[in-house]
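Residue numbers (this note's numbering): 657 to 1023. Idealized CB from N, CA, C, for every residue including glycine. Predicted model, so just to flag it, every value in this text is computed and none were measured.
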């Protein structure tokens, strides 16, 4: 996480932002509730290998069930107007979204020049810095891991969550143990983008909630600074986008949202040509993540058991393509050495990801 010292209003540039173009989250540069499709006009373009500094807006505070007025919503939580983001206020004032669309705000689409179907787009998060010093954790619409049990009352629950330094100076999220009490429980921050994706090769724009082969609302908490997400390209120039910023999340994201709050992200865009992608991933059916220590194939399905099975199949295929491992041996390795984790269970389509230690294959020839 980059150093956080002040509210990052749109256009407020830091030394850390130098050296890359900047994409603001202005109302005409974001999608709200739907995702880019083929034929959409890009709001920015990059060459492979280039980085882009991108502002993102959290949906918390701009939604209709919160009053469509971020200044008033956060003002009731004690946040002064100058600490509320101008672009969030502008979005809520200038646009509405149909009730059947998703809640998420995504910045884009971003053309990655030369990317073609068959290639794989690599999105590397180089920096993720809070734009504000607070966020929200919500439970609403009778959804989450325990629908029918939570929310416990008739209304939605939006828990205002400040961030502040703890002992030793590390920034943390803070919650009380009782409603209205002083913050007493702290937890580490680990900022990431819940949505990273490519445009779908469809006539209709995809809903922002369920993730899929296009990426989208993956909510993989391990996609923090230094990690890379690989996604099969569906349309010319990929038409990438990012959004749904998080300050922290636990695997599962059981309440419906985690600690949602706006980030400024620096993302590098690379293209893996089709032939190289086949050697590295096999027949890639959907997103795969990687960080310094682990390769993370994913599986997604409305049924959590089927998501787990899809994850295992994808992992076996990748180990076979990347390391020449026979499928029955890859399957055995996974059983002995690979953790499968629940990514999230709240996005209509559930997710499971595997955590394969890259170091285990240090002596194995690639491809």
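#### Entry: Rounded separation between residue 1020 and residue 821 - CA only
Within the chain shown, numbered from 1, the residue matching residue 1020 stands at position 364. Within the chain shown, numbered from 1, the residue matching residue 821 stands at position 165. Those two C-alpha atoms are separated by around 43 Å.
### Beta-carbon contacts of residue 772 that lie in its chain and below 7 Å, excluding the five residues immediately before and after
Mapped onto the chain shown, residue 772 falls at position 116. Within the same chain, residue 772 has close Cβ partners 889, 892.
### Message
Quick check on DSSP: helix, strand or coil for residue 715?
### Response
Against the chain shown, residue 715 aligns to sequence position 59. Three-state result, residue 715: coil.
### Task
Taking residue 762 and residue 868 to be in contact with their CB atoms under 8 Å, please state how far apart those CB atoms are, rounded to whole angstroms.
As a working mapping, residue 762 is identified with position 106 in the chain shown. As a working mapping, residue 868 is identified with position 212 in the chain shown. Not confirmed; about 14 Å, so no contact.
### Query
residue 938 CB to nearest chain B CB: under 9 Å?
In the structure shown, chain B does not exist; there is a single protein chain.
### Query
How would you call residue 716, buried or exposed, if buried means at least 16 neighbouring beta carbons within 10 angstroms?
Taking the first residue of the chain shown as position 1, residue 716 is located at position 60. It is buried - the Cβ of residue 716 has at least 16 other Cβ atoms within 10 Å.
### Task
Return the chain-ordered list of same chain residues with a C-beta closer than 6 Å to the C-beta of residue 936, the five sequence neighbours on each side being excluded.
Within the chain shown, the letter at position 280 stands for residue 936. Hits under 6 Å: 978.
### Message
Which residue marks the beginning of the beta strand (DSSP E) containing residue 794, and which one marks its end?
### Response
The residue labelled residue 794 in the question sits at position 138 within the chain shown. Start and end: 790 to 795.
### Message
Whether or not the region 895 to 914 and the region 957 to 967 are in contact is what I'm after, with contact meaning three or more pairs of Cβ atoms, one per stretch, closer than 8 Å; do they touch?
### Response
no
### Neighbourhood of residue 975 by C-beta, 6 Å cutoff - its chain only, sequence neighbours within 5 removed
Taking the first residue of the chain shown as 1, we reach residue 975 at position 319. Cβ neighbours of residue 975 beyond the five flanking positions: 981, 986.
#### Entry: Nearest neighbour of residue 819, chosen from 684, 932, 793 [CA to CA]
Indexing the chain shown from 1 puts residue 819 at position 163. Ranking 684, 932, 793 by Cα distance to residue 819 puts 793 first.
### Query
With contact counted as at least three CB pairs below 8 Å, one residue from each stretch, are the region 744 to 752 and the region 722 to 735 in contact?
yes
### Task
Determine, using beta carbons only, whether residue 695 and residue 930 come nearer to each other than 9 Å.
Looking up residue 695 in the chain shown gives position 39. Looking up residue 930 in the chain shown gives position 274. Contact flag unset, no.
### Message
How far does the beta strand (DSSP E) with residue 851 in it extend, from its first residue to its last?
### Response
For this step, residue 851 is matched to residue 195 along the chain shown. 848 to 853 is the extent of the beta strand (DSSP E) around residue 851.
### Task
Leaving aside the five residues before and after residue 769 along the sequence, list all residues of the same chain whose C-beta is less than 8 Å from its C-beta, in chain order.
The residue labelled residue 769 in the question sits at position 113 within the chain shown. Correct list, in chain order: 701, 702, 703, 704, 893.
### Message
What does DSSP give as the partner residue(s) for residue 950 in the beta ladder?
### Response
Stepping through the chain shown from its first residue, residue 950 is reached at position 294. DSSP output for residue 950 lists 1013 as bridge partner(s).
### Query
What are the start and end residues of each continuous alpha helix (DSSP H) run of 4 or more residues lying completely inside the region 968 to 1020, in chain order?
983 to 993
### Task
Report, in whole angstroms, the separation of the C-beta atoms of residue 759 and residue 689, which I expect to be a contact under 8 Å.
As a position in the chain shown, residue 759 is number 103, starting the count at 1. As a position in the chain shown, residue 689 is number 33, starting the count at 1. Yes, they are in contact, since the Cβ atoms of residue 759 and residue 689 sit about 7 Å apart, within 8 Å.
### N-terminal and C-terminal residue of the alpha helix (DSSP H) that residue 726 is part of
Position 70 of the chain shown, counted from the first residue, corresponds to residue 726. Residues 726 to 731.
### Message
Please report the straight-line C-alpha distance between residue 766 and residue 858, rounded to a whole angstrom.
### Response
Sequence index remark: in the chain shown, residue 766 carries index 110 (1-based). Sequence index remark: in the chain shown, residue 858 carries index 202 (1-based). Cα-Cα distance, rounded: 17 Å.
### Query
Hey, would you say residue 1015 sits closer than 9 Å to residue 990, going by beta carbons?
For the purposes of this step, residue 1015 is taken as the residue at position 359 of the chain shown. For the purposes of this step, residue 990 is taken as the residue at position 334 of the chain shown. No, the Cβ-Cβ distance between residue 1015 and residue 990 is not below 9 Å.
### Message
With three or more beta-carbon pairs closer than 8 Å as the criterion, would you say the region 998 to 1009 touches the region 908 to 921?
### Response
yes
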